[in-house]
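Chains as they are written, first to last, in this note's numbering: chain R, 1 to 86; chain U, 1 to 570.
Below is one structure, written out as structure tokens; the observations come after it.
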């Protein structure tokens, strides 16, 4: 199984992009105090709900995927080779 | 009825495309393209004129069949099926493969005909026709792997049809008739028909065929496959099971589990099939809610999803066409070589991620809004989570690993012109629906009273998405994002490919063992009898000559046949 370790060098352009992203995110937090959000549920109405849920949910998706990998990942030719399940 | 210039059978929507496909192999390449687009144009014109109601009936063996019937949701589905069919033709113009063109046009036609089927027998015919026409799109890859996947695909699709037929027969037997109608999932007939639709809609545990077969199709075949089968199932669910609560939970699970598989899947076209599965879940939830807002959400999401999913499959198809691989572990840095494809891919990515001004935002909001309105808090949380999953799978992973990430130094050209034109049209539609949603809302079955552009809603969506992107940037910059590994990710098709054969063997082995032992004994008995008979004939002359193997086999078979007759007549 060939691995693709993704540890890219962060280019100056990417750094600028990251800074811009950070600034926009900061601005979105600021808008929370200006724009009223209509909420159907009590939790949804909490300040920063979508900020926290977006960040945490993304991490959970990735961590969940990594956990699943231990359960369901097999060799690329698993079916062709007729291997038994480990 | 609709157009007196056409023979009656060609006035059945979709059949013009099915029969038009028969001429496709005979036409030269350029004329073939014009022919296919012309057929699709005439077909959409015919369909557009069909108002809700019953339009064509017939009788077959004493059964009343409704060949053409339209509902309030039929027109939008028919419209985007035609758009998808036309996009497929344009996308595949660069290749001169008659099988793909023929199968693709017939497949789209069969799916459109199914939309207008007013009874379950007619539906069954088109249901199976979609299976038998689409399987060629997988077979065309001409590898052992694709052949096996095609056979599994066919098995699942045909099984779905057989279950549908069984449900229809039971429904008819119970006196409810054969018409496509609202059904109770708790009855045997309703349950069977729900299962039949569920197989094609890739419900949990019967979803494996989708991830197994679609990525094994050809570059153009996968794009064609992505549009019709699953959306047809969603359409039928909306007609027959709107408001069935169990679908809310089935749909919620559907939105959720594929996002985890997509994180670790290395084949980017397979990632898109997981993502497609998740998107279907949103539609199933909408059907389960069943309110006017939810059905509007399901229909509009099916429309938008078909276009942006096709766009994403097209962009990955273009990458595969040029580089020869769609594996994340082998791709990267293509933005320099395929900048237009990259732009179209990103438009598809932001559309599926529901960024404001793109199609996913105005359609997914309807479904999520309907869930919130009905007070399903857990389901609402799951759908928001799955939206983040869609961003991870299709919004970030697909463009990042193919066009950015590590530069693999591919020396390739931009995608062929036909591919670029098809992607440009699809991208334009994604933006048009996002910027002017009233274009889409205008053809929905019910008036839309939901304002997706409410400032608080836009803010919440932007916060959700941008902080999720921030999490992605954090994981990548820290080297914590999971590496892409060339591997097989076990899915529910494992049940069919491994568990079922093993279970069958485990059950069959003792039976076969007893069977073969019995055969040995029977053979011995027969042979002993022949030996005695031969000796007797030498003395009495009743049986002359030596007992040949053929004679022994003949006598044995006669005894065996007698045994079988006795067994089955008991």
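Where is the CB? At the ideal position from N, CA and C, for every residue including glycine.
Non-local C-beta neighbours of residue 204 of chain U in its own chain, meaning closer than 8 Å and more than five positions away in sequence, comprise 250, 253, 254, 257, 492, ordered along the chain.
The beta carbon of residue 146 of chain U is closer than 6 Å to those of 138, 216 in its chain, skipping five residues each way along the sequence. Residue 53 of chain U carries a strand assignment under DSSP once its states are collapsed to helix, strand and coil. Counting only runs of 4 or more residues that sit fully inside the region 63-131 of chain U, the alpha helix (DSSP H) segments are 74-91, 98-115, in chain order. A distance below 9 Å separates the beta carbons of residue 431 of chain U and residue 359 of chain U. The C-alpha of residue 307 of chain U lies about 8 Å from the C-alpha of residue 83 of chain U.
Around the CB of residue 332 of chain U, 16 or more other CB atoms lie within 10 Å, so the residue is classed as buried.
In the structure shown, residue 485 of chain U adopts extended strand secondary structure according to DSSP, grouped into three states.
In the DSSP assignment, residue 73 of chain R forms a beta bridge with U/489. If you ignore the 5 residues before and after residue 500 of chain U, its C-beta comes within less than 6 Å of no other C-beta in its own chain.
Rounded to whole angstroms, the separation of the alpha carbons of residue 371 of chain U and residue 41 of chain R is 11 Å. No Cβ of chain U is located within less than 9 Å of the beta carbon of residue 16 of chain R. In chain order, 305 place their CB closer than 6 Å to the CB of residue 279 of chain U, counting only its own chain and leaving out the 5 sequence neighbours on each side. Counting C-beta pairs closer than 8 Å gives three or more between the region 117-125 of chain U and the region 162-170 of chain U, which meets the contact rule. Counting only runs of 3 or more residues that sit fully inside the region 380-463 of chain U, no beta strand (DSSP E) segment turns up. Here the alpha carbons of residue 470 of chain U and residue 21 of chain R stand approximately 7 Å from one another. Against chain R, the beta carbon of residue 471 of chain U has neighbours under 7 Å at 55, 58, 59, listed in chain order. Looking at the backbone, the Cα of residue 309 of chain U and that of residue 512 of chain U are separated by about 48 Å.
Take residue 28 of chain R, set aside five residues on each side of it, and the residues of its chain with a beta-carbon closer than 8 Å to its own are 51, in chain order. Rounded to the nearest angstrom, the gap between the Cα atoms of residue 422 of chain U and residue 62 of chain U is 46 Å. Under a 10 Å Cβ-count criterion, residue 419 of chain U is classified as buried, with 16 or more other Cβ atoms of the shown protein chains found around its own Cβ. Take the alpha-carbon of residue 526 of chain U and the one of residue 503 of chain U: they are about 34 Å apart. The secondary-structure analysis by DSSP pairs residue 59 of chain U across a beta bridge with U/64. Under DSSP, the beta-bridge partners assigned to residue 267 of chain U are U/327. Linking residue 94 of chain U to residue 318 of chain U through their CA atoms gives a straight-line distance of about 11 Å. Of the candidates U/178, U/262, U/241, U/178 places its Cα closest to the Cα of residue 65 of chain U. The beta-bridge partner set that DSSP reports for residue 296 of chain U is empty.
Looking at the DSSP output, residue 207 of chain U sits in no beta bridge, so it has no partner there. Residue 242 of chain U: not part of any alpha helix (DSSP H); DSSP gives it neither H nor E. When 7 Å is used as the limit between beta carbons, residue 259 of chain U is near these residues of chain R: 61, in chain order. Between residue 402 of chain U and residue 314 of chain U, the C-beta gap is not smaller than 9 Å, which leaves the two residues out of contact.
Contacts with chain R at 9 Å (Cβ-Cβ) do not include residue 364 of chain U.
Closer than 9 Å to the CB of residue 375 of chain U there is at least one CB belonging to chain R. For residue 487 of chain U, the closest Cβ of chain R is nearer than 9 Å. Counting other Cβ atoms within 10 Å of its Cβ, residue 411 of chain U stays below 16 and is therefore classed as exposed. By the Cβ criterion, the region 235-243 of chain U is not in contact with the region 320-332 of chain U, since fewer than three pairs of Cβ atoms, one from each stretch, lie closer than 8 Å.
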